[in-house]
Amino acid sequence: IFVLRSDVFTSLIHRTNLLMLKSTATALLRRAKRTSILPSTSSRSLASSTNEEPLVKTSLYNLHKELGGDMVPFAGYELPVLYKGDNGGVMKEHLWCRSDGKASLFDVSHMGQIRWRGRDRAAFLEKIVVGDIAGLSEGSGCLSLVTNVNGGIIDDTVITNAGDYIYMVVNGATKFGDMKHFKEQMESFDGDVNMEYLEDSMQLLAIQGPGAAEAVSKLLPGAFDLTKMAFMTGVDTTL
332 IFVLRSDVFT
342 SLIHRTNLLM
352 LKSTATALLR
362 RAKRTSILPS
372 TSSRSLASST
382 NEEPLVKTSL
392 YNLHKELGGD
402 MVPFAGYELP
412 VLYKGDNGGV
422 MKEHLWCRSD
432 GKASLFDVSH
442 MGQIRWRGRD
452 RAAFLEKIVV
462 GDIAGLSEGS
472 GCLSLVTNVN
482 GGIIDDTVIT
492 NAGDYIYMVV
502 NGATKFGDMK
512 HFKEQMESFD
522 GDVNMEYLED
532 SMQLLAIQGP
542 GAAEAVSKLL
552 PGAFDLTKMA
562 FMTGVDTTL
């Protein structure tokens, strides 16, 4: 998974012409319900979600359209459910991503990206998720579950120790409800922790398929050996 500033997309897109752009959306997106959203002081109002509220566009929106993306509403964003044309459609796109030597690029920028800071950030997260967060070495991550006060599951998440902060990704359709829960738990937490929601300042891409490593290697610095990266580890680099 790649986390990218919006201002690096122009360079990236021109260098990913070997990848066939896909969407993580499925036909279920047409029936997905908009979630309630968390009040915020950010420039984009998060007060409530209504049918009249404009849909958010990711930095790849124009490229989706150029490639024939069938754009639909999902979690407050306008995303492609499939691509039109001879090579498009759910089945062909699925088979491409599963074929030997092929790779697909998924725009998952609608997902919730959060940075946790403060000396007690790991202790706080261990109160609201499942797993040994304090035991994660720098650069390593884990799959986890966000739980309510009774231990019931609210969402699934990926959590990574990024050194001076902990990086969390939650699902796009539930991110505002998740953050509302986090804020409620922070109010009763006796420790030093703060939550930074990255909103749309950072874009998120996932490259999948048997040919993913080869495709990504074309964008990485010459000395970067992708084959030595273990599962569920991450590193900052420049494409």
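Take 332 as the starting number for the sequence shown in the working numbering and just add one per residue. Even for Gly, the Cβ is constructed at its ideal location relative to N, Cα and C. Note that the structure is predicted; figures quoted are calculated from it, not measured.
Minimum Cα-Cα distance from Ala544 among the listed residues Gly432, Val480, Ala406, Ala453 corresponds to Gly432.
Remark: fewer than three beta-carbon pairs, one from each stretch, lie closer than 8 Å, so the stretch 523-534 and the stretch 412-430 are not flagged as touching. By a beta-carbon distance limit of 8 Å, Asp495 does not contact Asp451. Their separation comes to about 14 Å. Beta bridge pairing from DSSP links Phe405 with Tyr408. Taking C-alpha positions only, Ser548 is separated from Thr568 by approximately 12 Å.
In terms of CA proximity to Lys388, Met442 leads the group Gly420, Met442, Ser435.
A distance of 9 Å or more separates the beta carbons of Gln534 and Asp401.
Within the stretch 448-487, complete alpha helix (DSSP H) segments of at least 4 residues are found at 452-459, given in chain order.
Residue pairing for Tyr498: DSSP places it in a beta bridge opposite Arg446, Thr491.
Met510 is positioned such that its CB atom lies no closer than 9 Å to that of Trp447.
As computed with DSSP, Thr568 is found in no beta bridge at all. If you draw a straight line from the Cα of Gly419 to the Cα of Asn492, it comes to about 38 Å. For Phe437, no alpha helix (DSSP H) run applies; the uninterrupted beta strand (DSSP E) run containing it begins and ends at 435-438, by DSSP.
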